[in-house]
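So the sequence shown is numbered by UniProt numbering: it starts at 1 and just counts up by one.
See structure below.
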Amino acid sequence: MADTPIAPAGHVRLGSNSGQSMTRREGVAKVTGKANYAADNKPEGLLHAVYLESGIARGKVVSLNTEAALAHPGVVHVMTPENAPSLAVSPDEKPMPFSARMEVLQNNRVRYAGQPIALVLAETLEAATEGTRLLAPEYEEEPARIGFENGETYDPEYVTTGNPPARQVGDLEAERQRAAHTVEVTVDTPLQYHNAMEPHVIIAQWDGDKLTIDMPNQAIGLARAGIATYLGIDPENVTLRSPYLGGGFGSKAVVFGPQYLAMLAAREVGRPVKLVLRRDQMFGPVQHRSATRQTVRIDLDEEGRILALDHHSLSSTSSFDDWLESAANASLSIYASPAIKVSHTGLRVDTGTPGAVRAPGLASGTAALEVAIDAAAYRMKQDPLDFRLLNYAETDPGTGKPFSAKALRECYAEGAARFGWKDRPLEPGQMRDADGYLTGWGVGTALFHAPFFPAKASAVIRSDGSVAAQTSGADMGQGAWTALAQMAADGLGMPADEIEFEIGHSGLPDGSVAGGSAHTASAGGALFAAGSDAVRQVAEIAMNDPESPLYGAGNEGVRASGGRLHRIDDPARGETYAEILTRAGVAEVQGQGRGRREKSAAEQYAMYSHGAVFAEVKIDPDLYQVRVSRLVGAFAAGRIINPRLAKSQLNGGMIWGLSFALHEEGIHDLRSGRPINNDLAGYHVPVLADVPSVESILVEEHDPHANALGIKGVGEIGITGTVGAIANAVWHATGVRPQRYPIHIKDLL
Ligand code: MOS
């Protein structure tokens, strides 16, 4: 039962829904097919859209056989740069946060393979698909610029943009002068594609100048504003519905060219248009994680204390936009060092523009840093965990600020105990299991920012006793439907299964972005506040009503529980919301809420979730095939709303880390620039057989500063640390230090 005290502001206690491992609120709807995903919608008069993608990576489209496509039965319209309507704002402008330069058939230029170069509308998907084949494009092709090591075929063009800014702490040269040891490693990471199970989808329908869209989206408020800007219409005229997403991972925070094409086409032909990206089309216009080549140099004193940490990241970006993976920033906030330098350079390649992929920056950055740290520990002949404790950062090394909370020591201790780390031999190549497999153990430190967004929510209590809460937040599968409802219910003083709850619609108060691992803190904080605000109004009515048993109880003497208010000193004296509102003749009260992070706290403290990941690998002694046999992660992320869902997020993050370490790699043909493994048969992700044992430990942590409720994020941190832990376990099994991901058999021989 929820038990919400009506307490003065600034003194927030959650009720008892929070902290419970409730099962997914929408779970039954999903497994019975009742949950309506965007592509499930079939409005009357629907046309299917398929776009033709460029087969070259750089150049121009010089001809398209639109007549042949139009002559095909069922084809209704073909949109090309010749006839495409103009956007209100150039697609090369970035008018708002989370907008990206994109291709919307505004010219015939080709900037990467897979770029949309024409759109075909037809009565059936098959006819639209055939229509694109009949277009038979001809190109003027220029040589593709692909890959760090393809320098023979092109002059590399490097960019430094100042974003992320180069940073330097302390005096690097002076610290290097007094160093006793130096370790330097270079680590390459590949392009990775988000590849959510549900591809990008849009169904766009116009009614006059009103646009209704079904589209999975992580940032409904921003998406609506962006769409209105590019189409030159009032945001009020855009309705965006996104109740369920089959994954997002960052790529559904942005609305891309193909989706704008569908919106333009629907307006042009006056019928609803549906566009669903094929799996191969996910490797182009909807972003990816940059490739990086990172160099980490660590200078150490005689005892193994880090004196200087120098981390440079060269990352791939597109020819037409600057998105530099902030990988080197990992070195700013994990290990203590009197001198730190981080810097970022971009290399222009002819791919789509990269973007944020689950745990942007820190996933790639820790994948390199943790390998370097491990190499440094071995140079000092120290246990890798002892070495990390020796270099534990008591304050944030990059800013000097105290951490809002940091239970990383406890993470190391609890994770190590659960894993059995203490028996680890220092030297590599010492362990074999009963079947003769080379066995290795590695550790990595996990870290992710704890940002906070200004989300809004509303709540209502009605005179029939029913209650509801709403925000436009998004559930990508992470569990927002459930965790956010738990927080709303605590605000409302009701059990979570008795509240009406709604998310995923642009008509609701702006729940901000489901991203940055900030959604529970931001939207959940707003929902709790909205519910509390509604209860406070009901309490006020009762306490001022001489007929109420709560009359005169005063603001601190009343508690809400199970849809009822009662006196704290005498729980028997109370009455239900329905009784209070009915007697007062009030049909309903509306509560509004925003989450809260004190501005002063944000200035004073460095805010992060922390963790420690331990990995065991088993390697076939003849074939050198690597298997991860165990992963144990211990994480401290402030208050946990739903331990079951939090562990699911953390386990999923660690599995993604495993995927980064051993499987994922977007490979492009160096001559044509085309992706060559653009399906889930060639782009490998782990299956259950690759993941025998993954375990998350939730380490208790009280963070009084992060926000009013002390919640930080669990969505992305699981990837960080895991990649390096696996690479370090591979080294421990073989004595070979991996220098690139994914770790291939050939690199270990
Ligand atoms: Mo994200 S990459 O914070 O959706």
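Glycine is no exception: its CB is placed at the ideal position from the N, C-alpha and C atoms.
Subject >> Cβ-Cβ distance between Val467 and Asp374 below 9 Å >> reply: Looking up residue 467 in the sequence shown gives position 467. Looking up residue 374 in the sequence shown gives position 374. Contact: no.
Original post:
What separation, rounded to the nearest whole angstrom, lies between the Cα atoms of Leu264 and Ser251?
Top reply: Your numbering for residue 264 matches position 264 in the sequence shown. Your numbering for residue 251 matches position 251 in the sequence shown. Taking the straight line joining both Cα atoms gives about 21 Å.
Subject >> Cβ shell of Asp92 (< 8 Å), same chain only, five flanking positions each side left out >> reply: One-based indexing of the sequence shown puts residue 92 at position 92. Answer for Asp92: Arg101 and Phe320, listed in chain order.
Subject >> When Ala496, Ala485 and Ser693 are compared against Gly525, the one with the closest alpha-carbon >> reply: In the sequence shown, counting from the first residue as 1, residue 525 sits at position 525. Nearest of Ala496, Ala485 and Ser693 to Gly525, Cα basis: Ala485.
Original post:
Expressed to the nearest angstrom, what Euclidean distance is found between the alpha-carbon atoms of Trp656 and Pro571?
Top reply: Stepping through the sequence shown from its first residue, residue 656 is reached at position 656. Stepping through the sequence shown from its first residue, residue 571 is reached at position 571. Their Cα atoms are separated by approximately 49 Å.
Original post:
Using the C-alpha atoms, what's the distance from Leu121 back to Leu134?
Top reply: In the sequence shown, the residue the question calls residue 134 occupies position 134. In the sequence shown, the residue the question calls residue 121 occupies position 121. Taking the straight line from one Cα to the other gives about 13 Å.
Subject >> Residue from Val276, Asn651 and Gly479 with nearest C-alpha to Thr124 >> reply: For this step, residue 124 is matched to residue 124 along the sequence shown. Looking at the Cα atoms, Val276 is the closest of the given residues.
Subject >> For Val628 and Glu498, the rounded distance between their alpha carbons >> reply: For this step, residue 498 is matched to residue 498 along the sequence shown. For this step, residue 628 is matched to residue 628 along the sequence shown. C-alpha separation (whole angstroms): 43 Å.
Original post:
Does the distance from the CB of His610 to the CB of Ile717 come in under 9 Å?
Top reply: The residue given as residue 610 occupies position 610 in the sequence shown. The residue given as residue 717 occupies position 717 in the sequence shown. Contact: yes.
Original post:
Could you give the uninterrupted runs of the alpha helix (DSSP H) lying entirely in the region 367–442, keeping only those of 4 residues or more?
Top reply: 384–390 and 408–419
Original post:
When every heavy atom of the ligand MOS is checked, does at least one fall within less than 8 Å of the C-beta of Phe452?
Top reply: Within the sequence shown, residue 452 is the residue found at index 452, counting from 1. Result no, Cβ not under 8 Å from the ligand MOS.
Subject >> Range covered by the beta strand (DSSP E) that runs through Tyr139 >> reply: Here the question's residue 139 lines up with position 139 in the sequence shown. It spans Glu138 to Glu141 - the beta strand (DSSP E) in which Tyr139 sits, taken as one unbroken run.
Original post:
Does the distance from the CB of Ala413 to the CB of Phe614 come in under 9 Å?
Top reply: Within the sequence shown, numbered from 1, the residue matching residue 413 stands at position 413. Within the sequence shown, numbered from 1, the residue matching residue 614 stands at position 614. Not in contact: Ala413 and Phe614 (Cβ atoms no closer than 9 Å).
Original post:
From Ser548, Ser316 and Leu662, pick the residue whose C-alpha is nearest to that of Phe148; which is it?
Top reply: Locating residue 148 in the sequence shown gives position 148, counting from the first residue. Closest by alpha carbon: Ser316.
Original post:
Is Phe249 near the ligand MOS, with its Cβ less than 8 Å from a heavy atom?
Top reply: As a first step, residue 249 must be located in the sequence shown, where it is residue number 249. The answer is yes for Phe249.
**OP:** Look at the Cβ atom of Glu665, then the Cβ atom of Pro190, and state whether they are nearer than 9 Å.
**Re:** For this step, residue 665 is matched to residue 665 along the sequence shown. For this step, residue 190 is matched to residue 190 along the sequence shown. Contact: yes.
Original post:
So the alpha helix (DSSP H) Lys30 belongs to, where does it begin and stop?
Top reply: On the sequence shown, position 30 is the one that residue 30 refers to. It spans Gly27 to Val31 - the alpha helix (DSSP H) in which Lys30 sits, taken as one unbroken run.
Original post:
When the distance is taken between beta carbons, is Ser318 closer than 9 Å to Thr292?
Top reply: Position 292 of the sequence shown, counted from the start, is the residue given in the question as residue 292. Position 318 of the sequence shown, counted from the start, is the residue given in the question as residue 318. No, these two residues do not count as a Cβ contact at 9 Å.
Original post:
Does at least one heavy atom of the ligand MOS sit under 8 Å from the Cβ of Glu716?
Top reply: The sequence position of residue 716 within the sequence shown is 716, counting from 1. Glu716 Cβ: within cutoff of the ligand MOS.
Subject >> Other residues of its chain near Pro402: CB distance less than 8 Å, five sequence neighbours each side excluded >> reply: As a first step, residue 402 must be located in the sequence shown, where it is residue number 402. Excluding sequence neighbours, Pro402 sits near Thr395, Asp396, Gln604, Tyr605 and Ala606.
Original post:
Around the C-beta of Pro258, are 16 or more other C-beta atoms found within 10 angstroms, so that it is buried, or is it exposed?
Top reply: Numbered from its first residue, the sequence shown carries residue 258 at position 258. Buried, since its Cβ has 16 or more Cβ neighbours within 10 Å.
Original post:
By how many angstroms is the C-alpha of Asn642 removed from the C-alpha of Val558?
Top reply: Translated into the one-based positions of the sequence shown, residue 558 becomes position 558. Translated into the one-based positions of the sequence shown, residue 642 becomes position 642. Computed Cα separation, rounded: 27 Å.
Original post:
What did DSSP end up calling Leu264 once you bin it into helix, strand or coil?
Top reply: If you number the sequence shown from 1, residue 264 lands on position 264. Three-state result, Leu264: helix.
**OP:** Taking the CB atoms as reference points, tell me whether Ser532 and Ala455 lie closer together than 9 Å.
**Re:** Indexing the sequence shown from 1 puts residue 532 at position 532. Indexing the sequence shown from 1 puts residue 455 at position 455. No.
**OP:** Tell whether a beta-carbon distance below 9 Å holds between Val50 and Thr153.
**Re:** Reading the sequence shown from its first residue, position 50 is the one you call residue 50. Reading the sequence shown from its first residue, position 153 is the one you call residue 153. No, Cβ-Cβ distance for Val50 and Thr153 is not below 9 Å.
Original post:
With distances taken from CA atoms, which of Gly638, Thr445, Arg596 and Gly562 is nearest Ser331?
Top reply: The count along the sequence shown starts at 1 and reaches residue 331 at position 331. Ser331 has its Cα closest to that of Thr445, out of Gly638, Thr445, Arg596 and Gly562.
Original post:
Where does Val730 fall in DSSP's three states?
Top reply: The sequence position of residue 730 within the sequence shown is 730, counting from 1. Of the three classes helix, strand and coil, the one that applies to Val730 here is helix, per DSSP.
Original post:
Between the C-alpha atoms of Ile697 and Gly19, what's the straight-line distance to the nearest angstrom?
Top reply: For the purposes of this step, residue 697 is taken as the residue at position 697 of the sequence shown. For the purposes of this step, residue 19 is taken as the residue at position 19 of the sequence shown. Taking the straight line from one Cα to the other gives about 15 Å.
**OP:** Would you mind working out which of Ala35, Gly15, Pro384 and Ser364 sits nearest Asp475, comparing C-alpha positions?
**Re:** Position 475 of the sequence shown, counted from the start, is the residue given in the question as residue 475. Answer by Cα proximity: Ala35.
Original post:
Does the beta carbon of Ala223 fall short of 8 Å from some heavy atom of the ligand MOS?
Top reply: Walking along the sequence shown from the start, residue 223 turns up at place 223. It does not: the Cβ of Ala223 is nowhere closer than 8 Å to a heavy atom of the ligand MOS.
Original post:
Phe138: which of Lys60, Gly429 and Thr722 sits nearest, CA to CA?
Top reply: Your numbering for residue 138 matches position 138 in the sequence shown. Before going further, note that residue 138 is Glu rather than Phe in the sequence given. The candidate whose alpha carbon is nearest that of Glu138 is Lys60.
**OP:** Please specify which runs of the alpha helix (DSSP H), each continuous and at least 4 residues long, are wholly inside the region 159–208, giving them in chain order.
**Re:** 172–177
Original post:
What are the start and end residues of the alpha helix (DSSP H) that includes Val538?
Top reply: The count along the sequence shown starts at 1 and reaches residue 538 at position 538. Gly525 to Met543 is the span of the alpha helix (DSSP H), which, as asked, contains Val538.
Original post:
Just curious, the alpha helix (DSSP H) that Ser659 is in, first and last residue?
Top reply: Against the sequence shown, residue 659 aligns to sequence position 659. That run of the alpha helix (DSSP H) goes Pro643 to Leu662.
Subject >> Cα-Cα separation between Ala9 and Ala587, rounded to whole angstroms >> reply: Within the sequence shown, residue 9 is the residue found at index 9, counting from 1. Within the sequence shown, residue 587 is the residue found at index 587, counting from 1. Interpretation of Ala9 is limited by its pLDDT of 36, a score under 50 that renders its predicted location unreliable; the figure taken from the coordinates is listed afterwards. The alpha-carbon atoms of Ala9 and Ala587 are separated by roughly 26 Å.
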